[in-house]
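Residue numbers (my numbering): 2 to 314.
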Ligand SMILES: [Ca+2]
Ligand SMILES: [Ca+2]
Ligand SMILES: [Ca+2]
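Here's what the structure looks like:
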């Protein structure tokens with residue numbers, strides 16, 4: 002008899018919890034600690050906009066998300082030195098709009114299929130911006146963003162879809178994918194330091210259009226990768242290593258002030274080169290496999306070398 006009573010009590014308890022989930026989730030905590038802004042999500046799918054409205058920093062919850070239990074929180078006259086944003090689990094959406102951080106911005110999107118985006122107005126980070134995607138298929142869409150020094154994006158496990166447009170990066174830009182099929186697109190962007198893109202294993206798509214960097218290194222590793230460079234200019238070396246797999250690289254209007262090295266590695270690869278010029282050496286290497294190349298104006302000021310290609314288109 003007692004056992005039956007206990008079971009009934011548990012069932013009632015479970016029903017009570019199940020009927021009131023809203024009270025437990027979807028709240029983001031925001032607090033100011035001196036010059037530091039700390040934003041912490043919960044394991045629900047949090048949606049927030051972090052924005053400056055004049056000198057006031059406003060964090061607004063969207064689609065049912067609350068901030069400190071309210072619709073929004075405002076910190077008057079607050080330009081943070083640093084911001085630390087950790088969204089935890091859930092499919093989170095974070096929007097930055099007209100945001101100014103004097104020094105560093107750190108964002109950890111946490112587990113879940115998350116989205117980080119910029120709003121209609123550009124944001125400015127004084128020194129370094131770091132984005133950690135955590136587990137899940139994360140989307141990073143940044144437009145019109147300025148960083149005084151580095152931009153670092155690591156999608157971690159799961160597909161990274163990074164769409165970066167109209168950025169001005171004061172030093173290095175680093176974009177790192179993982180074993181999934183990552184999609185990395187950069188357009189109308191200037192990097193005063195080196196840009197490094199590592200999409201790792203998986204069949205990745207990398208596209209750079211209207212892009213300037215001090216130096217550029219793209220490594221796409223295992224998988225059938227596709228790389229498109231158009232109107233790309235580097236002061237120093239430009240290196241592409243496609244890794245094993247049947248890869249396609251197209252280069253249109255690409256210029257390096259030093260060397261261009263394209264290494265296609267194992268697999269049946271295709272290279273299309275139109276108006277490609279290296280001040281010193283232009284070296285294209287097909288590697289093992291049945292490789293094709295279209296030489297529509299590939300040249301090097303000191304050396305041009307096209308080797309280990311079997312088919313000339
Ligand atoms: Ca969350
Ligand atoms: Ca994630
Ligand atoms: Ca990958």
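Don't be surprised by glycine CBs; every beta carbon is placed ideally from N, CA and C.
Report yes if the C-beta of residue i is less than 7 angstroms from at least one heavy atom of ligand 1; otherwise report no.
i           : result
residue 90  : yes
residue 300 : no
residue 42  : yes
residue 69  : no
residue 144 : no
residue 1   : With the chain covering only 2 through 314, there is no way to say anything about residue 1.
residue 109 : no
residue 93  : yes
Would you say residue i touches ligand 2, meaning its beta carbon is less than 7 angstroms from a heavy atom?
i           : result
residue 112 : yes
residue 62  : no
residue 136 : yes
residue 139 : yes
residue 269 : no
residue 266 : no
residue 115 : yes
Helix, strand or coil: which one does DSSP assign to residue i?
i           : result
residue 10  : Note that residue 10 scores a pLDDT of 43, beneath 50, so its modelled location is shaky and nothing firm can be said.
residue 76  : strand
residue 188 : strand
residue 195 : strand
residue 250 : strand
residue 204 : coil
residue 28  : strand
residue 221 : coil
residue 23  : The predicted model places residue 23 with a pLDDT of 44, which falls under 50 and marks its position as unreliable; any figure quoted below should be read in that light. Three-state result, residue 23: helix.
residue 308 : strand
residue 181 : coil
residue 44  : coil
residue 88  : coil
residue 160 : coil
residue 103 : coil
residue 124 : coil
residue 281 : coil
residue 83  : strand
residue 62  : strand
residue 265 : coil
residue 260 : coil
residue 70  : coil
residue 39  : strand
residue 274 : strand
residue 298 : strand
residue 237 : coil
residue 136 : coil
residue 52  : strand
Pop quiz: residue i and residue j are said to be a contact at Cβ under 8 angstroms. What is the actual Cβ separation, rounded to whole angstroms?
i           : j           : result
residue 61  : residue 49  : 7 angstroms
residue 268 : residue 246 : 5 angstroms
residue 174 : residue 162 : Not confirmed; about 17 angstroms, so no contact.
residue 221 : residue 243 : 5 angstroms
residue 44  : residue 78  : 33 angstroms between Cβ atoms; not a contact.
residue 177 : residue 207 : The Cβ separation is near 12 angstroms, so there is no contact.
residue 311 : residue 292 : 6 angstroms
residue 240 : residue 211 : Contact flag wrong, Cβ pair sits at about 20 angstroms.
residue 53  : residue 101 : 6 angstroms
residue 171 : residue 137 : With 8 angstroms as the limit, residue 171 and residue 137 do not qualify as a contact, their Cβ atoms being about 30 angstroms apart.
residue 1   : residue 227 : Outside the displayed span of the chain (2 to 314) sits residue 1, for which this structure offers no information.
residue 218 : residue 195 : 7 angstroms
residue 258 : residue 223 : With a Cβ gap of about 31 angstroms, residue 258 and residue 223 do not count as contacting.
Taking Cβ positions only, does residue i come closer than 8 angstroms to chain B?
i           : result
residue 189 : Although the question refers to chain B, the structure presented lacks it and comprises just one protein chain.
What I want to know is whether the C-beta of residue i ends up closer than 7 angstroms to one or more non-hydrogen atoms of ligand 5.
i           : result
residue 119 : This structure lacks ligand 5; the ligands present are ligand 1, ligand 2 and ligand 3.
Whether or not the region 106 to 113 and the region 83 to 92 are in contact is what I'm after, with contact meaning three or more pairs of Cβ atoms, one per stretch, closer than 8 angstroms; do they touch?
yes
Under a criterion of Cβ closer than 5 angstroms to any non-hydrogen atom of ligand 3, which residues qualify, in chain order?
178, 183, 200, 201, 203, 205
Are there three or more Cβ pairs, one per stretch, closer than 8 angstroms when the region 59 to 75 is compared with the region 116 to 128?
no
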